[in-house]
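Some notes on the structure that comes next.
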Amino acid sequence: MVGIVVVSHSKKLADGVVELALQMGNPEIKLSAAGGVDDPENPIGTDAMKILESIKEVYHDDGVILMMDMGSAILSAATAVDFLDDSMKDNVKLCEAPLVEGTISAVVQAAAGGNIEQVLEEARKSLHPKSAQLGIETPDEHDADQEDASIQNGEVYRRVYTIRNQIGIHARPAAKIVTLTGKFDAGVRIRNYTNDSAYVKARSINNLITLNVRKDDKIVVETSGLDSAAAQEAISELIADNFGENQHHHKKPSEKKSRVKKVSGAVEGIAVSAGIAIGPAYRHEISMPEVEPGTIDDPKTELARFERAVEKAKRELSAVFEESSDTVGTYEASIFEAHALFIDDPEIMARVQKNISEKHLSAEYAWVDSVNSVLKKYEESQNDAVKSRAIDLIDVGLRVYHLLSGVKAIKIRLPEPGILISTELSPSDTATLDKENVLGICCESGSDVSHSAIIARTLGIPAVFGVGELINEVQDGQVAALNGEAGHFYPSPDEDQLKQLKEIRKKWLFEKQKAYEARKNKAETKDGIRISALANVASVNDIREAIEAGADGVGLFRTEYLFMDRDGPPDEEEQFEVYKEAAGILDGKPLVIRTLDVGGDKPIPYLGIEKEENPFLGWRGIRYGLEEREIFITQVRAILRASRFGNVSMMFPMVGTLDEIREAKALTREVMKDLENEGIAFNAAIKTGIMIEVPAAVTSADELAKHAGFFSIGTNDLTQYIMAADRTNGKVSGLASPFQPAVINAIKKTIEAAQKAGIEVAMCGEMARNTKATPLLLSLGLKEFSMSPVGIPEFKWKLSELSLKECQKKADLYLKETDIEGVKKMLG
Amino acid sequence: MIKKKHILDWLNKSAEVLEEKKSYLTKLDTAIGDADHGNNMNRGFKKVLEQLPTNEKKDIGAILKGVAMSLISTVGGASGPLYGTMFLQAGNSVSGKEELTAEDLKKMLQAGVDGIVMRGKAKIGDKTMIDALEPAVKAYSSAVSAGDELTTALQKAVDAAEKGVEDTIPLIARKGRASYLGERSKGHQDPGATSSYYLLKALRDSVQ
Chain A
12 MVGIVVVSHS KKLADGVVEL ALQMGNPEIK LSAAGGVDDP ENPIGTDAMK
62 ILESIKEVYH DDGVILMMDM GSAILSAATA VDFLDDSMKD NVKLCEAPLV
112 EGTISAVVQA AAGGNIEQVL EEARKSLHPK SAQLGIETPD EHDADQEDAS
162 IQNGEVYRRV YTIRNQIGIH ARPAAKIVTL TGKFDAGVRI RNYTNDSAYV
212 KARSINNLIT LNVRKDDKIV VETSGLDSAA AQEAISELIA DNFGENQHHH
262 KKPSEKKSRV KKVSGAVEGI AVSAGIAIGP AYRHEISMPE VEPGTIDDPK
312 TELARFERAV EKAKRELSAV FEESSDTVGT YEASIFEAHA LFIDDPEIMA
362 RVQKNISEKH LSAEYAWVDS VNSVLKKYEE SQNDAVKSRA IDLIDVGLRV
412 YHLLSGVKAI KIRLPEPGIL ISTELSPSDT ATLDKENVLG ICCESGSDVS
462 HSAIIARTLG IPAVFGVGEL INEVQDGQVA ALNGEAGHFY PSPDEDQLKQ
512 LKEIRKKWLF EKQKAYEARK NKAETKDGIR ISALANVASV NDIREAIEAG
562 ADGVGLFRTE YLFMDRDGPP DEEEQFEVYK EAAGILDGKP LVIRTLDVGG
612 DKPIPYLGIE KEENPFLGWR GIRYGLEERE IFITQVRAIL RASRFGNVSM
662 MFPMVGTLDE IREAKALTRE VMKDLENEGI AFNAAIKTGI MIEVPAAVTS
712 ADELAKHAGF FSIGTNDLTQ YIMAADRTNG KVSGLASPFQ PAVINAIKKT
762 IEAAQKAGIE VAMCGEMARN TKATPLLLSL GLKEFSMSPV GIPEFKWKLS
812 ELSLKECQKK ADLYLKETDI EGVKKMLG
Chain B
3 MIKKKHILDW LNKSAEVLEE KKSYLTKLDT AIGDADHGNN MNRGFKKVLE
53 QLPTNEKKDI GAILKGVAMS LISTVGGASG PLYGTMFLQA GNSVSGKEEL
103 TAEDLKKMLQ AGVDGIVMRG KAKIGDKTMI DALEPAVKAY SSAVSAGDEL
153 TTALQKAVDA AEKGVEDTIP LIARKGRASY LGERSKGHQD PGATSSYYLL
203 KALRDSVQ
């Protein structure tokens, strides 16, 4: 029979509870009181030794449960258990149920011969009858009307909150609640007061979502246990903060419209990729696959297989989270954290376990079935926001499914040429787009600096992101339109609008065509000045595209991709082969290879760069290379060896001091000596240059120019560093513009330093591609522009309409502008 | 080197200081707790001294375990099982030893703090004993690793604990009775952190 010990600060109380429990008519029950301290002057307190004695007194291998009042009673009870022999420890459980009710329920169940789990379960349920009788589960109307009315019930706190964030408790807020709750020992339950739901445990993201909490709904948060007050307080702060949504998007359409100039019939979004698209809209909907309920013989192995897939999915998600925190911001990226919680959801997990262990179903089926069961709840939800969040669950459901089954993600296809409508696209979605049929892309969320945006621009597909939930109004097949340059999306354009858009599209296509035709022309101004239109590439394939797009060479070969998605760095031979092939394809045209540029923001685990507080101000670029010499030297050797197969130069990233370039060059000389000694051929006259992307490099440009073979201005990082503004942070991204006079002055100074020292200077940031900036850059004396290949035709074409002389005439005017608006106005 | 007599002296000095600071600790506990910390600690250490003669011929580990038992049985409040577990784990870590090197003491202090954390599950910043003890043990460990004398290292530990105690003032309590006060626990020094500081100070005084 299960034994029971009653622990209380008060001896009288403990004895009284025992007396009361024995009234239930079970004199044979093993019940012992451990109350108070043996000190006549201070009898109130708890004594672990006394509790230990009581445990020993009632001990049986069936188990013992300890009922406690609170505070030190819990600690003393736990201490007492520590003094037991290991063989006994496991049979003794602490029960969180209320002392009086719990003890009585436990006694009844123990006397009935229940095992320890059943006794615990009964004790835990002991408050139900009392709650039901008093209607305590629902706080009274009065409390609901007062937003902050808290009732204290022993250690239980209940408080009513009104939810004010835009779409209620959807995935991200729910995830935040789950994560926060996990930090406390307290039990947390939440119910939707507005629709009179039952309480659900706050540790389950699915439970929370199915509460259907919408904006302005009232919820009741109940916390109980040791740190219940603190837990309540923390949740209160989270709700007051609108789950961190305040500073982020989910703007009402009206707010957005005031931000951008108003266009009737159009939804304002973020201009991501220029161009006009008109055509039937198709929503990209993902759904769980149909899986046959296969059976298995060995549930243990199957469970292990499932757990491995889950672990892998979590690792992937945490990598995606970290990567996207940097590119799209932590709030946006937190959806991936929410995804990880979906996987851990007790409800789903329990069903998977049962499916595999009891029903002997395959892991694939067990998982899909469990996900579907929760999806069904979502679909039944009254709340549109909840319904629309089903996509997150499907997303994570597919991730695990693909890992289990080995089936790769499916390519996005449209039934006919049209506009792709989606909530948001993952980089892999965008990268595997069916280019033939996708005329344009419109997304509910996303940002213009996300990977998806960059890919859309690279593919030259017009795109508008961040149009909000209005895309739900679009029916499949309905004709829609978007203007990627203005950031406008037309869910159902009228005839006039269509006419207008078609005209713009015609002009756009004409220009694109014109540019395409001009791509093989020389890059030259109207007055015959030869300019280099170079390409930024990351692979040999990119180089082929670049040549097709009319590139005069490669101004930046990013080598990071060679190092990504693998378990160790590529060896010298592998790198050599790649660089040699690149040089060969370029056939004498310039190839500038940049040495590895990584930092704490890029997840390449084997490089041993830890997650840093400030990866952009951390151990990255040449700073890494000069310390991790083996990787650096291997790469330099490979580049040098490839140098004799074409017009190859080498470039060091993130240089900020003279010492860095001296050291990098000294190491290069050592490598050259080694190669000579080994009798390996290379181009001893290879040029070694540096990126100018750190403000320190601009300030010391004159000195650096004496040591560098050339400069290449990386305007993206340079702008962020000069302006101390993160371009992925919406609040300050306006500051992070290369058109800021401070940035323009830095560019000017860099070019002048290069000219004075007689070395070449190029630009390889996004600014180089921006044809609005071309007159300004020409006027400053820039002759080499390196950009993503898709920008080259337009660049060449626009360039051919500019006269260097005209630009130079305006140079002073540009530089006189003291604010960004002035600069932009000058450049049109 | 810490000899047994130092340990006995430490326990005596601890009892002394807790007697002396009884009202002060209770005053601190009145603000954010249940006004018994001073009395509880005083009573607990009185009992420790009372029972000390039965153990004082044994090794240091056994002495400390005896302290644990006394505290667990007599303190009554949460500090009983917490300090009890601290002395118990500390005792286990130096089991059988008649004297302690600086390195032994490091292990002992760490084991003690780990015991409290295991029992109370508090973290730094929760406004508990841990806010004094954890920085103190860290300071001691790094001082010893850096080659400091034992007394110097202990002084650094005491300094760190003192700062830790001060740092509890603006904190919101996350554990125990004080956590019920939420925001209102701000602005008060934590009594548990304070008594931890006294224990460390007594240790330093005994070893000097």
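Line by line, the protein sequences are chains A and B.
Each step along the first sequence adds one to the number in this note's numbering, with nothing skipped, and position 223 is 234.
Each step along the second sequence adds one to the number in this note's numbering, with nothing skipped, and position 86 is 88.
Cβ atoms here follow ideal geometry from the backbone N, Cα and C, with glycine treated the same way.
- [ ] With 9 Å as the C-beta to C-beta threshold (strictly closer), list the residues of the segment 75-93 of chain B near chain A in chain order.
- [x] S75, T76, V77, G78, G79, A80, S81, G82, P83, L84, G86, T87, L90
Task: Cα-Cα separation between T338/A and T57/A, rounded to whole angstroms - done: Below a pLDDT of 50, predicted positions are generally treated as unreliable, and T338/A, at 48, falls in that range; no measurement from the model is reported.
Task: Bounding residues of the beta strand (DSSP E) (the contiguous stretch that carries T234/A) - done: 229-235
Open item on the list: Would you call the segment 527-535 of chain A in contact with the segment 802-821 of chain A, where contact means no fewer than 3 C-beta pairs closer than 8 Å?
Closed with: yes
Open item on the list: Among the candidates A89/A, A108/A, V111/A, whose CA atom is the shortest distance from the CA of S101/A?
Closed with: Note on identity: in this sequence residue 101/A is Asp, with Ser being the wrong assignment. Of the listed residues, the one whose Cα sits closest to D101/A is A89/A.
- [ ] Could you check what DSSP says for F722/A in three-state terms: helix, strand or coil?
- [x] For F722/A, the three-state secondary structure derived from DSSP is strand.
Task: Exposure label - S265/A; buried when at least 16 CB within 10 Å - done: No answer about S265/A holds up, because its pLDDT of 31 lies below 50 and its placement is not dependable.
Task: Assigned exposure category for D538/A - 16 Cβ within 10 Å defines buried - done: exposed
Open item on the list: Mapping the DSSP letters down to three states, classify G165/A as helix, strand or coil.
Closed with: Confidence in G165/A is poor, its pLDDT being 42 and thus under 50, which makes the residue's placement unreliable; the coordinate value appears in the next sentence. Coil.
TODO: Decide yes or no for the touch test of the segment 730-740 of chain A against the segment 704-722 of chain A: beta carbon pairs closer than 8 Å, at least 3 of them.
DONE: yes
Open item on the list: Alpha carbons only, please: which of V385/A, W519/A, R605/A, H139/A is nearest the one belonging to A209/A?
Closed with: H139/A
TODO: Say whether chain B places a C-beta atom closer than 7 Å to the C-beta of M60/A.
DONE: yes
- [ ] Could you spell out the range, first to last residue, of the beta strand (DSSP E) harbouring Y293/A?
- [x] That run of the beta strand (DSSP E) goes 287-294.
Open item on the list: I want to know whether the segment 157-173 of chain B touches the segment 185-199 of chain B - three or more CB-CB distances under 8 Å.
Closed with: Flag = yes, the segment 157-173 of chain B and the segment 185-199 of chain B touch.
- [ ] Enumerate in chain order the residues of its own chain whose CB-to-CB distance from D207/B is below 7 Å, with the five nearest sequence positions on each side excluded.
- [x] Excluding residues up to 5 positions away in sequence, K15 lie with their Cβ nearer than 7 Å to the Cβ of D207/B in the same chain.
Task: Same chain, Cβ closer than 7 Å to V209/B, five either side skipped, listed in chain order - done: I4, H8, L152, T153, L156
Task: Exposure of D207/A, with buried meaning 16 or more beta-carbon neighbours within 10 Å - done: exposed
Task: Proximal residues of chain A, C-beta to C-beta of Y26/B below 9 Å - done: In chain order: nothing, as chain A lies at least about 18 Å away.
TODO: In angstroms with no decimal places, state the Cα-to-Cα distance between I620/A and A288/A.
DONE: 43 Å
Task: Residues near H718/A in its chain [Cβ-Cβ closer than 8 Å; skip 5 each side] - done: L669, I672, R673, K676
Open item on the list: Report the CB separation of F89/B from L107/B in whole angstroms; it is logged as a contact under 8 Å.
Closed with: So it is not a contact: roughly 14 Å between Cβ atoms.
Task: Residues that DSSP places opposite V17/A in a beta bridge - done: A44/A, M78/A
Open item on the list: Rounded to the nearest angstrom, what separates I831/A and A784/A at their Cα positions?
Closed with: 13 Å
- [ ] Give every residue of the same chain whose Cβ lies closer than 8 Å to the Cβ of L788/A, excluding the five residues on either side of it in the sequence, and list them in chain order.
- [x] I758, M774, M778, A779, F796
Task: Of the residues M110/B, S198/B, G98/B, I62/B, the one placed nearest S143/B, counting alpha carbons only - done: Just measuring C-alpha positions, the residue of M110/B, S198/B, G98/B, I62/B sitting nearest S143/B is M110/B.
TODO: Assign K315/A to one of two classes, buried (16 or more other C-beta atoms within 10 Å of its C-beta) or exposed (fewer than that).
DONE: A small correction: the amino acid at residue 315/A is Ala; Lys does not occupy that position in the sequence shown. A315/A is exposed by the Cβ-count criterion.
TODO: Express the C-alpha separation of H295/A and M79/A in angstroms, rounding to a whole number.
DONE: 56 Å
TODO: Take A195/B and list the residues in its own chain whose beta-carbon comes closer than 7 Å to its own, dropping the five residues that flank it on each side.
DONE: T130, M131, D133, A134, G166, V167, T170
Open item on the list: Any beta carbon from chain A within less than 7 Å of R121/B's own beta carbon?
Closed with: yes
Task: CA-to-CA distance, D128/B to K194/A, given in whole angstroms - done: 12 Å
- [ ] Compute the distance between the beta-carbons of I430/A and C453/A, then report whether it is under 7 Å.
- [x] yes
Task: Spatial distance of I755/A from G632/A (CA atoms) - done: 24 Å
Open item on the list: Let me see if you follow: with CB-CB separation under 7 Å, is E107/A close to chain B or not?
Closed with: no
Open item on the list: Counting beta carbon pairs with one atom in the segment 63-77 of chain B and one in the segment 17-33 of chain B, are three or more of them shorter than 8 Å?
Closed with: No, the segment 17-33 of chain B is not in contact with the segment 63-77 of chain B.
TODO: Count the CB pairs spanning the segment 15-22 of chain A and the segment 53-71 of chain A that are closer than 8 Å, and state whether there are at least three.
DONE: yes
- [ ] Run down chain A in chain order and give the residues with a C-beta less than 7 Å from the C-beta of N41/B.
- [x] Proximity of chain A to N41/B at the Cβ level (cut-off 7 Å) is accounted for by N53, in chain order.
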